[in-house]
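In UniProt numbering, the protein residues as written are 1 to 376.
The next block holds one structure in the form of structure tokens; read it before the comments.
Next up, the structure:
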């Protein structure tokens with residue numbers, strides 16, 4: 001140990017570094033004001049990257065949060081943030097202050113990664129937001145040029161837009177992916193793909209691919225790749241699969257979904273505590289929730305629960321968070337958020353979720369707090 005001239009003991013810098021990794025984010029934000037050395041340490045890219053790695057490797061020690069973007073009657077689009085706690089074997093929410101007071105009416109969540117949330121800001125711009133630090137970065141959306149020279153920013157005639165947001169660890173770069181899907185033949189789609197590099201501050205077009213039709217959800221980032229659900233329709237029926245895009249190699253792949261019953265189904269994907277989660281929604285008011293326990297190993301798909309929906313709730317389920325004991329689930333059920341208890345099959349609409357506001361067209365994503373900057 002080192003000693004100051006006054007004789008007080010000072011811990012070595014590497015020990016302080018390790019202690020800081022394990023402290024709550026609220027404390028780290030306060031400690032940046034203690035001294036210049038602590039400020040520079042906690043503001044360094046090395047610390048923010050190491051802190052993210054620690055959170056990803058220790059999901060059970062990580063405090064997760066919930067971001068909700070929704071239309072509020074008479075107030076346009078708002079973004080609310082909540083602490084997602086697990087106390088006394090029960091999930092709970094506590095509302096946090098929001099660094100962004102209002103959003104464009106078209107705003108929606110495109111994904112979250114390493115404490116950053118990607119949103120559409122308006123028809124022509126995107127936003128990266130760190131809810132913990134309150135810092136954000138606005139940059140231009142991609143405009144695809146067709147053969148006729150017409151810019152396509154959103155869904156044009158016969159064109160469907162899908163997004164994804166994730167991290168390229170090989171280049172330490174955050175990337176936004178925008179897919180323009182055009183109907184092709186026999187229920188397949190031709191996809192043109194643009195990628196935005198936060199480090200290069202520019203868009204580029206990469207090799208496209210053909211696929212089935214995507215649902216309306218943004219891509220899910222797990223294990224260095226983005227994942228979308230794709231449905232292939234043909235005369236004898238339809239089947240679902242997962243299409244992947246490795247952000248470092250810019251290569252595509254496929255992951256088979258677990259076996260499911262015949263009949264009308266609709267798959268949704270999410271990530272919980274670092275694991276890929278799939279939910280098979282059936283027409284007969286039930287849904288199966290699966291988790292891929294070993295990434296890329298299709299045999300590791302494990303069914304966690306079969307959820308029976310109330311008769312009056314004809315809505316697709318999107319699991320947002322699975323508790324460590326797999327007994328409780330935070331679900332997006334249409335435009336509502338609810339806690340589902342698999343022990344007794346009960347639903348609980350989240351108290352204070354809208355704080356008296358009337359929410360419409362709600363979107364939600366989970367994230368963990370970090371010091372990652374939305375600028376590079």
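For each residue, glycine too, the CB sits at the ideal point set by N, CA and C.
If you're wondering where the values come from, they're calculated on a predicted model, not measured in any experiment.
Span of the beta strand (DSSP E) around residue 136: 135-140
Express the C-alpha separation of residue 28 and residue 61 in angstroms, rounding to a whole number. 16 Å
Which ranges does the beta strand (DSSP E) cover as unbroken runs of at least 3 residues, wholly within the segment 211-276, from first to last along the chain? 220-222, 225-234, 237-246, 251-255, 265-272
For residue 291 and residue 246, the rounded distance between their alpha carbons: 20 Å
Classify residue 227 as buried or exposed, calling it buried when 16 or more other Cβ atoms lie within 10 Å of its own Cβ. buried
If you count every other CB in all the chains shown that lies within 10 Å of the CB of residue 80, and 16 or more means buried, which is it? buried
Is residue 44 buried or exposed, if buried means 16 or more other CB atoms sit within 10 Å of its CB? exposed
Mark residue 168 as exposed unless 16 or more other C-beta atoms lie within 10 angstroms of its C-beta, in which case mark it buried. buried
Anyone know if the C-beta pair for residue 108 and residue 125 falls short of 8 Å? no
Can you tell me whether residue 19 is buried or exposed? The criterion is at least 16 other CB atoms within 10 Å of its CB, across all chains shown. exposed
Residue 33 classed as buried or exposed, judged by whether at least 16 other C-beta atoms fall within 10 angstroms: exposed
Alpha-carbon spacing of residue 346 relative to residue 329, whole angstroms: 11 Å
On a Cα-Cα basis, can you pick out the residue from 127, 200, 161, 257 that is closest to residue 214? 161
What ranges does the beta strand (DSSP E) occupy inside the segment 306-348, keeping only unbroken runs of at least 3 residues that lie completely in it? 317-322, 328-333, 336-341
Run through DSSP, which three-state label would residue 55 get? helix
Under 6 Å Cβ to Cβ from residue 266, same chain only, skipping five residues before and after it: list those, please. 281, 316
The alpha helix (DSSP H) with residue 18 in it runs from where to where? 13-21
Check whether the Cβ atoms of residue 67 and residue 367 lie closer than 8 Å to each other. yes
Rounded to whole angstroms, what's the CA-CA distance from residue 204 to residue 48? Just pull it up for me. 27 Å
Flag this pair as touching only if the segment 286-302 and the segment 249-260 have three or more C-beta atom pairs under 8 Å; answer yes or no. yes
So the alpha helix (DSSP H) residue 25 belongs to, where does it begin and stop? 25-31
On the three-state DSSP scale, how would you describe residue 368? strand
In the DSSP output, which residue or residues are listed as bridge partners for residue 171? None; residue 171 has no bridge partner.
According to DSSP, which residues form a beta bridge with residue 60? Beta-bridge pairing links residue 60 to no other residue.
Residue 198, DSSP secondary structure in three states: coil
Tell me which residue opens and which closes the alpha helix (DSSP H) that residue 36 is part of. 36-43
If residue 322 and residue 272 are in contact, beta carbons under 8 Å, what's the gap, nearest whole angstrom? 4 Å
Under the assumption that residue 349 contacts residue 369 (Cβ atoms under 8 Å), give the Cβ distance between them as a whole number of angstroms. So it is not a contact: roughly 25 Å between Cβ atoms.
State yes or no: is the C-beta of residue 164 within less than 8 Å of the C-beta of residue 248? no
When the Cα atoms are used, what is the spatial distance from residue 375 to residue 137? 6 Å
Tell me, to the nearest whole angstrom, how far the beta carbon of residue 194 is from that of residue 175; I am working on the premise that it is less than 8 Å. The Cβ separation is near 10 Å, so there is no contact.
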